[in-house]
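In what follows, a structure is listed as structure tokens, so that the remarks can point back to it.
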Amino acid sequence: MVFVHLYLGNVLALLLFVHYSNGDESSDPGPQRRAQGPGPAPTLGPLTRLEGIKVGHERKVQLVADRDHFIRTLSLKPLLFEIPGFLSDEECRLIIHLAQMKGLQRSQILPTEEYEEAMGTMQVSQLDLFRLLDQNRDGRLQLREVLAQTRLGNGRWMTPENIQEMYSAIKADPDGDGVLSLQEFSDMDLRDFHKYMRSHEAASSELVRNSHHTWLYQGEGAHHIMRAIRQRVLRLTRLSPEIVELSEPLQVVRYGEGGHYHAHVDSGPVYPETICSHTKLVANESVPFETSCRYMTVLFYLNNVTGGGETVFPVADNRTYDEMSLIQDDVDLRDTRRHCDKGNLRVKPQQGTAVFWYNYLPDGQGWVGDVDDYSLHGGCLVTSGTKWIANNWINVDPSRARQALFQQEMARLAREGGTDSQPEWALDRAYRDARVEL
Ligand SMILES: [Ca+2]
Ligand SMILES: [Ca+2]
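Take the sequence shown: its letters are residues -23 to -1, 1 to 415, numbered as in mature numbering (1 follows the signal peptide of the UniProt record, and there is no 0).
Written out as structure tokens, the structure reads:
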């Protein structure tokens, strides 16, 4: 029974995660060509992981020729560091300039009926769904148990008030105690729930994520500063050049006044049914779920923000991770519009500073283990001015063999000139000589 429960949990989490993350990955530039029977891939060496030592620990590193940088440990759970002056002001301005020339798109729009269809094909009975949601197994659904399933909102952020409004609109909680008994849940028609969600136009402030973004190419032929930043990230992370060079391009994000990104983790769950977006060309096609596999996040602050816009890590260095104390019936610490001030750790944007952290725990064998729940983070409400940041995600497949196969296949394509023909980066190459006024 426990097994069935876990299995259904996985299916639900996977299904909802995949649908939730799809919008974000539409620009993923993964090569389209499929592997053609490559030979056995070599085993990859252990992944480098910097040591945190203790909070506040500082070390000097040489990342560029003309100056020293200092890496400071901000937390051990997650393993999180800060480096002031990682980018020069000129580099920050150039990145913003390139992003503006290319044009930014809204980071999130509400997905369509696809999601409802997927829910419909899930073959999970209402009773099973109830059991999945009832985390403390008391036979009743508390508000926080519904809030914990952000993905039920299908891109819309759910607050305790939203859920109570929904209950009263679809008459799900006739006794009005804010808790759904099994009887109340069984009497509820899930189609009413979907209909209600559909009928309510969500303002951008009601979405999980309220920002605009674009992707900038950092491969061969990119602007020399984009190349230099990639090389600097390589020296910082001490990972292999293959891993860093084959990672996602730079994502540049603009949050206007009123912008936010509620707390989330950057990587998807590690299940046997999951494949990584970056290695899918060498993955088994029959695996149904795709997710982002981001070993590290390197986040750059590109400007000083007039008001708000901190990066919050709500549970950093908590003694234990407990989802149900993170999400209470009245206060949801993941809500970055309302509760950033209650988070354990906040980083104030400072132009040129980089913060970086590991999204996975080590597996004890030099590779990727489980997703680190403590890596939960979000972008606090920008109360005044505009906030510009950029993300370099370092992609590693939790399957060591698949990462090796992927690197081998990409090396083969590069030898054959196959990776040079990716048309989506032509625009970025055209901007390779762009300059900004000093
Ligand atoms: Ca319960
Ligand atoms: Ca009730």
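A virtual CB, placed ideally from N, CA and C, is assigned to each residue, including glycine.
Small disclaimer: the values here were computed from a predicted structure and weren't measured.
| query | result |
| --- | --- |
| LYS172: first and last residue of the uninterrupted alpha helix (DSSP H) it sits in | 167 to 176 |
| Selection from TYR408, GLN380, ALA407 and GLU393 that minimises the alpha carbon distance to THR20 | GLN380 |
| Proximal residues to VAL247 (C-beta, below 7 Å), its chain only, five neighbours per side dropped | ASP347, VAL348 and PRO375 |
| Reduced DSSP secondary structure (H/G/I, E/B, other) of PRO339 | strand |
| Identified DSSP bridge partners for CYS253 | THR268 |
| DSSP beta-bridge partners of GLN385 | DSSP lists no partner for GLN385. |
| Cutoff 6 Å; reference TRP365; Cβ partners in own chain excluding five residues on either side | ILE73, ARG231, LEU279 and ASN280 |
| Reference THR283, options ASP306, ALA367 and GLN327, closest by Cα | GLN327 |
| Alpha-carbon spacing of GLN119 relative to LEU157, whole angstroms | 7 Å |
| 8 Å Cβ cutoff met for PHE333 and VAL275 | yes |
| Where VAL324 falls: helix, strand or coil (DSSP) | strand |
| ALA199 versus ASN369 - alpha carbon distance | 15 Å |
| Reduced DSSP secondary structure (H/G/I, E/B, other) of TRP402 | helix |
| Burial state of ARG114, where buried means 16 or more other Cβ atoms lie within 10 Å | exposed |
| Collapsed DSSP secondary structure at TYR351 in the structure displayed | helix |
| For ILE367: DSSP bridge partner residues | In the sequence as displayed, the identity of residue 367 is Ala instead of Ile. Answer is VAL229 and PHE277. |
| LEU(-16) to ALA205 span [Cα, whole Å] | Only weak support is given to the placement of LEU(-16): the predicted model assigns it a pLDDT of 46, under 50, and the value that follows is read from those uncertain coordinates. Looking at the two C-alpha atoms, the distance is approximately 46 Å. |
| PHE47 to ARG36 span [Cα, whole Å] | 5 Å |
| Below 6 Å from a heavy atom of ligand 4 - residues by beta-carbon | Judged by which ligands are present, ligand 4 is missing from the structure shown, whose ligands are ligand 1 and ligand 2. |
| beta-carbon SER352 near ligand 2 non-hydrogen atom, thresh 7 Å | no |
| 8 Å Cβ cutoff met for residue 421 and LEU56 | In the structure as shown, the chain starts at -23 and stops at 415, and residue 421 therefore has no counterpart that could be examined. |
| LEU124 (DSSP reduced to helix, strand or coil) | helix |
| Contact under 8 Å by Cβ, LEU40 with LEU213 | yes |
| Anticipated Cβ contact below 8 Å, GLN103 with LEU193, distance rounded | Between LEU193 and GLN103 the Cβ distance is about 46 Å, and since that is not below 8 Å, they are no contact. |
| For review: beta carbons within less than 6 Å of any heavy atom in ligand 2 | ASP150, ASP152, ASP154, VAL156, LEU157, SER158 and GLU161 |
| TYR144 to ASP154 span [Cα, whole Å] | 11 Å |
| 6 Å CB neighbourhood of ARG215 in its chain, flanking five on each side removed | THR25 |
| Residue interval of the beta strand (DSSP E) (run including GLU59) | 57 to 60 |
| Outcome for GLN82 when other beta-carbon atoms lying within 10 angstroms are tallied against a minimum of 16 | exposed |
| Contact under 8 Å by Cβ, GLU59 with THR330 | yes |
| C-alpha gap between GLU161 and ASP309, whole angstroms | 24 Å |
| Proximal residues to GLN126 (C-beta, below 7 Å), its chain only, five neighbours per side dropped | LEU110 |
| Endpoints, the alpha helix (DSSP H) within which ILE72 is located | 66 to 79 |
| For LEU87 and HIS190, the rounded distance between their alpha carbons | 16 Å |
| Top-ranked residue by Cα proximity to SER163, from LYS148, TYR173, TRP402 and ARG175 | LYS148 |
| Cβ-Cβ separation, ASN321 to ASP294 (assumed contact under 8 Å), whole Å | 6 Å |
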